[in-house]
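>
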């Protein structure tokens, strides 16, 4: 395993971090994957208060003699903090779930602009942070970010943060905080953690044939995932890259890549390959949804991530395949979850890290996926499923 040094405190952190948002359903398999990762050098595990069962599962595994071998990163959701007492309520629940007396890297989760931070300051969070750090319960305090470049810089400069996390991948190089934000934070001595390296899997699954043709032109054959990870690790400003691993094969492949990838290793030919792939994908992916699920549950029951995924698949798999998938996943269940159920309340948009205009996009999904062929196709599929 390659390690990168936290410039703030000297911690040697594994280049690959284990993202715990998308655990496999079988807890025994999860335990096996976590232990394998630790035994093979991964020492950074990232979870959050709002990830279902994630903190508790991670805590149970680490309590079996592994806690002192890793750094735990978890997150407090600012939108759940309405009063000062909520800070302790959430933090103490996290300590209990994780079966630990301290958090190594504690995030304020999904800050999108300075106004959120200012609101927390008015509630007294500066005093709270100082108390937790003096008590040794929080070792490092930072924030995870989804928003524009300028707001990111303001946040970086708003407090004596000890680390941050941004979304960064070869398709989003100039989006959100982007490369400019990465370099800005690193220049100020920040360790920068990276999330969504594969754009929620969009950079590695259901890829257009044209993308595979580009990768086939490379001087060395690598999987799309390996190329995507190597692109990020090529940046020396990056400290840890998270991967939401949920299979043993995925854990093994990513550890192998993390053990080989180095900074500043790419050639001009490598960058040209990425430029070509980015151009193809940018034309195909209509909605930049990563499938994080922060937008759900929807009051009307719309499965927003699935609707967007099927809509994007129209450009890659074709209209017929995408429509069948859309109907199977949203419209033949006892409780339907298709796009036209949207009441335009806007609740979802407040939680979207990608700042997607969800209501507008659901209208587009409805027009594309619930047109003339929708009802007869749904009828045929329902009838077939009863056979």
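Residue numbers (this note's numbering): 180 to 566.
Think of the CB as a built atom: it goes at the ideal place given N, C-alpha and C, for glycine as much as any other residue.
What would DSSP say about residue 570, mapped onto helix, strand or coil?
Outside the displayed span of the chain (180 to 566) sits residue 570, for which this structure offers no information.
> Give the DSSP bridge partners of residue 346, in chain order.
Paired residues: 374.
> How is residue 466 classed by DSSP in three states: helix, strand or coil?
Note: residue 466 maps to coil in three-state DSSP.
> Is DSSP giving residue 266 helix, strand or coil here?
Helix at residue 266.
> Could you have a look at residue 417 and say whether DSSP puts it in helix, strand or coil?
Strand.
> Taking C-alpha atoms, which residue in 412, 427 and 218 lies nearest to residue 420?
The shortest C-alpha separation from residue 420 is found at 412.
> Please return the same chain residues whose Cβ sits closer than 7 Å to the Cβ of residue 186, not counting the five positions on each side in sequence.
Answer for residue 186: 368 and 370, listed in chain order.
> Give the straight-line distance between the Cα atoms of residue 566 and residue 559, rounded to the nearest whole angstrom.
Its pLDDT being 40, under 50, residue 566 is placed unreliably by the model, and the measurement read from it follows with that caveat. Cα-Cα distance, rounded: 11 Å.
> Identify every run of the alpha helix (DSSP H) within the region 475-526, keeping only runs that are complete inside it and at least 4 residues long; order them along the chain.
The qualifying runs are 483-496 and 498-509.
> For residue 530, does the three-state DSSP call read helix, strand or coil?
Of the three classes helix, strand and coil, the one that applies to residue 530 here is helix, per DSSP.
> Going by other Cβ atoms of all chains shown within 10 Å of its Cβ, with 16 needed for buried, is residue 364 buried or exposed?
Buried: at least 16 other Cβ atoms inside 10 Å.
> Could you check which residue in 265, 231, 233 and 221 has the C-alpha nearest to that of residue 245?
Closest option to residue 245, Cα to Cα, is 221.
> Ignore the nearest five residues each way along the sequence and tell me which others in residue 200's own chain have a CB closer than 6 Å to its CB.
Taken in chain order, the residues that qualify are 230 and 423.
> DSSP has residue 319 in a bridge; who is on the other side?
According to DSSP, residue 319 bridges with 284.
> Please work out which residues of its chain come closer than 6 Å, Cβ to Cβ, to residue 528, disregarding the five sequence neighbours upstream and downstream, and give them in chain order.
Here the set comprises 537.
> Here's a check: name, in chain order, each residue in its chain whose Cβ is nearer than 6 Å to the Cβ of residue 464, leaving out the five neighbours to either side.
So the list reads 491, once near-sequence residues are dropped.
> Could you tell me whether the Cβ of residue 420 comes closer than 7 Å to any Cβ of chain D?
No chain D is present in this structure, which holds just one protein chain.
> Are the CB atoms of residue 289 and residue 269 within a distance shorter than 7 Å?
No, Cβ-Cβ distance for residue 269 and residue 289 is not below 7 Å.
> How many Å lie between residue 402 and residue 382 at the Cα?
Going from the Cα of residue 402 to the Cα of residue 382 covers about 11 Å.
> Residues in the same chain with beta-carbon distance under 7 Å from residue 444, minus the five sequence neighbours each way, listed in chain order, please.
Cβ neighbours of residue 444 beyond the five flanking positions: 413.
> Between residue 547 and residue 349, what straight-line distance do the alpha-carbon atoms span, to the nearest angstrom?
Approximately 28 Å, taken between the alpha carbons.
> Rounded to the nearest angstrom, what separates residue 438 and residue 197 at their Cα positions?
In a straight line, the C-alpha of residue 438 is about 14 Å away from that of residue 197.
> With DSSP collapsed to three states, give me the class of residue 566.
Confidence is the limiting factor: at residue 566 the pLDDT is only 40, short of 50, which leaves the residue's position unreliable, though a coordinate-based value still follows. Three-state DSSP puts residue 566 in coil, outside helix and strand.
> In terms of residues, what are the limits of the alpha helix (DSSP H) holding residue 184?
Per DSSP, residue 184 belongs to no alpha helix (DSSP H); it is in the beta strand (DSSP E), 182-184.
> Pull up the CB-CB distance for residue 516 and residue 481, whole angstroms please, since I reckon it's below 8 Å.
Indeed they touch by this definition, with Cβ atoms about 6 Å apart.
> In three-state DSSP terms, what is residue 253?
Note: residue 253 maps to strand in three-state DSSP.
> Between the Cα of residue 223 and the Cα atoms of 204, 253 and 203, which residue gives the shortest distance?
If we check each option's Cα against that of residue 223, 253 comes out closest.
> Leaving aside the five residues before and after residue 279 along the sequence, list all residues of the same chain whose C-beta is less than 8 Å from its C-beta, in chain order.
The answer, listed in chain order, is 238, 241, 246 and 251.
> If I measure Cβ to Cβ from residue 321 and keep anything under 6 Å in the same chain, skipping five residues before and after, which residues do I get?
Excluding residues within five positions, the ones whose Cβ falls inside 6 Å are 286, 340, 341, 342 and 343.
> Sorted by chain position, which residues of the same chain lie with C-beta nearer than 6 Å to residue 302's C-beta, five sequence neighbours on each side aside?
Around residue 302: 263.
> Is residue 266 near residue 307, with beta carbons less than 7 Å apart?
Yes, the pair counts as a contact, with Cβ atoms nearer than the cut-off.
> How far does the beta strand (DSSP E) with residue 225 in it extend, from its first residue to its last?
Start and end: 223-225.
> Quick one: what's got a C-beta closer than 7 Å to residue 191's C-beta in the same chain, skipping five residues either side?
Hits under 7 Å: 182 and 184.
> Quick check: residue 282 and residue 317, are their CB atoms within less than 7 Å of each other?
Yes, these two residues count as a Cβ contact at 7 Å.
> Could you check which residue in 551, 428, 430 and 532 has the C-alpha nearest to that of residue 347?
The candidate whose alpha carbon is nearest that of residue 347 is 532.
> Over the uninterrupted beta strand (DSSP E) stretch that includes residue 388, give me the two end residues.
Segment 388-395 is the alpha helix (DSSP H) holding residue 388; no beta strand (DSSP E) there.
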